[in-house]
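Worksheet: the structure to be examined is printed underneath.
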Amino acid sequence: AAIPAPYASCKNLCHRHQLFINFRDLGWHKWIIAPKGFMANYCHGDCPFSMTTSLNSSNYAFMQALMHVVDPAIPQAVCIPTKLSPISMLYQDNDDNVILRHYEDMVVDECGCG
Amino acid sequence: LRFREHVFLKFLGLDKVPSPQKFQPVPYIMKKIFQDQEAAATTGVSQDLCYVKELGVRGNVLRLLPDQGFFLYSENFSEASSCLQKLLYFNLSAIKDKKQLTMAQLGLDLGPNTYYNLGPEMELALSLVQEPHVWGRFIPKPGKMFVLQSVPWPQGVLYFNLLDVAKDWNDNHQKNLGLFLEMLVKGDRDAGVNFQLEDICARLRRSLHASLLVVTLNPEQCHPSSRKRR
Chain C
77 AAIPAPYASC KNLCHRHQLF INFRDLGWHK WIIAPKGFMA NYCHGDCPFS MTTSLNSSNY
137 AFMQALMHVV DPAIPQAVCI PTKLSPISML YQDNDDNVIL RHYEDMVVDE CGCG
Chain D
30 LRFREHVFLK FLGLDKVPSP QKFQPVPYIM KKIFQDQEAA ATTGVSQDLC YVKELGVRGN
90 VLRLLPDQGF FLYSENFSEA SSCLQKLLYF NLSAIKDKKQ LTMAQLGLDL GPNTYYNLGP
150 EMELALSLVQ EPHVWGRFIP KPGKMFVLQS VPWPQGVLYF NLLDVAKDWN DNHQKNLGLF
210 LEMLVKGDRD AGVNFQLEDI CARLRRSLHA SLLVVTLNPE QCHPSSRKRR
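In the order they appear, the protein sequences are chains C and D.
Yeah, the first sequence ends on 190 if you go by this note's numbering, and it's all consecutive.
Yeah, the second sequence ends on 259 if you go by this note's numbering, and it's all consecutive.
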């Protein structure tokens with residue numbers, strides 16, 4: 077029989093939240109030439125059973141959400157990044173070298189239950 | 030919350046927060062590469078972060094090393110046709126051994142690229158320094174000369190490929206004793222020209238800016254297969 081999925085309001089569901097990391101807040105603007113900061117974002121929200129059948133969630137999350145309904149002692153699936161992108165940083169080090177470096181997986185583009 | 034800064038710095042590949050004393054100029058090519066990557070990331074275009082398409086080399090970290098050398102002044106300036114002598118030195122210690130050097134480009138900025146104030150044709154010679162510089166001895170013992178070329182005016186920036194030299198220095202830091210740069214006046218000189226030449230050489234000394242652009246590839250971050258088909 078269909079299991080009545082607990083109703084969760086949209087805003088509590090797993091989704092991407094905006095988070096801008098401003099290097100000035102960290103006091104790093106003195107040595108990071110560019111960028112001034114970057115949109116890192118983050119994932120947060122519930123992964124109820126209904127969610128795992130709709131959004132880009134893994135099969136594993138579907139099974140875990142199902143098992144959580146049957147046995148609440150089993151934790152729910154979690155809200156994690158499913159698509160990430162890199163950033164490049166131009167900065168100066170302690171030897172007066174100017175360095176351009178890329179950092180993979182620094183920006184959360186999409187979230188899902190995993 | 031006490032921001033666990035050192036953890037994030039370690040992730041960035043730094044052992045402590047840089048506190049630069051002097052701000053270095055950022056060359057156009059590094060700005061362009063940075064802007065191209067930002068644009069690609071913004072538009073979601075997938076990019077191969079282990080290939081620097083603007084330079085046509087594999088690599089994921091670019092470093093611009095400033096020259097830490099000094100000018101040399103030989104006594105018999107008037108007779109010699111030498112206009113400028115400089116020891117160029119680049120500190121490669123920031124490059125840890127496991128990274129592969131894929132490019133090392135020496136940039137010599139001889140000053141504004143303009144037809145105003147043209148000087149006599151020059152000759153530029155670059156040699157490896159074989160022995161440590163002995164204070165009091167005016168000119169380091171130059172070793173193998175690997176560049177000798179005429180430098181018609183105006184010039185702007187001259188580029189030289191130093192990849193083999195830099196690899197040698199990176200393999201054995203003791204070998205890195207720098208380069209000996211000498212600029213000579215081509216052809217003979219008469220007294221009349223002498224006076225102007227002093228000004229030209231003094232102006233050249235003021236405007237000369239040397240730097241070494243180094244590209245490295247970190248095999249742990251850049252697997253051969255990571256190069257996406259373009």
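Every residue gets a Cβ at the ideal spot worked out from N, C-alpha and C, and that includes glycine.
Source: prediction; values computed, not measured.
- Per DSSP, C:I150 is not a residue of any beta strand (DSSP E), being assigned neither H nor E.
- Three or more Cβ pairs drawn from the segment 172-186 of chain C and the segment 85-98 of chain D lie within less than 8 Å of each other, which places the two stretches in contact.
- With 16 or more other CB atoms across the displayed protein chains lying within 10 angstroms of its CB, D:F209 is buried.
- At a C-beta separation below 7 Å, D:Q53 has these neighbours in chain C: Q168, D172, V174.
- Interface with chain C (8 Å Cβ-Cβ cutoff): D:L130 is excluded.
- The beta carbon of C:E180 sits closer than 8 Å to some beta carbon of chain D.
- For D:K128, no alpha helix (DSSP H) encloses it, and the DSSP letter there is neither H nor E.
- Annotation: the continuous alpha helix (DSSP H) that includes D:H35 extends over 34-40.
- Taking the C-beta atoms as reference points, D:V81 is found no nearer than 8 Å to D:V243.
- When beta bridges are read from the DSSP output, D:D138 appears opposite D:V186, D:H238.
- Of the other Cβ atoms in all chains shown, 16 or more fall within 10 Å of the Cβ of C:C123; this residue is therefore buried.
- Against chain C, a Cβ distance below 7 Å from D:G98 picks out nothing, because the smallest value is about 13 Å.
- When only Cα atoms are considered, C:F96 and D:M151 end up about 53 Å apart.
- Here C:S164 really is in contact with D:F63; their C-beta atoms are around 5 Å apart, less than 8 Å.
- Among the residues facing chain C, D:P47 is included, as its CB has a counterpart in that chain under 8 Å away.
- Contacts with chain C (Cβ-Cβ distance below 8 Å) from the segment 65-92 of chain D involve Q66, E67, A70, G73, Q76, L78, N89, V90, L91, R92, listed in chain order.
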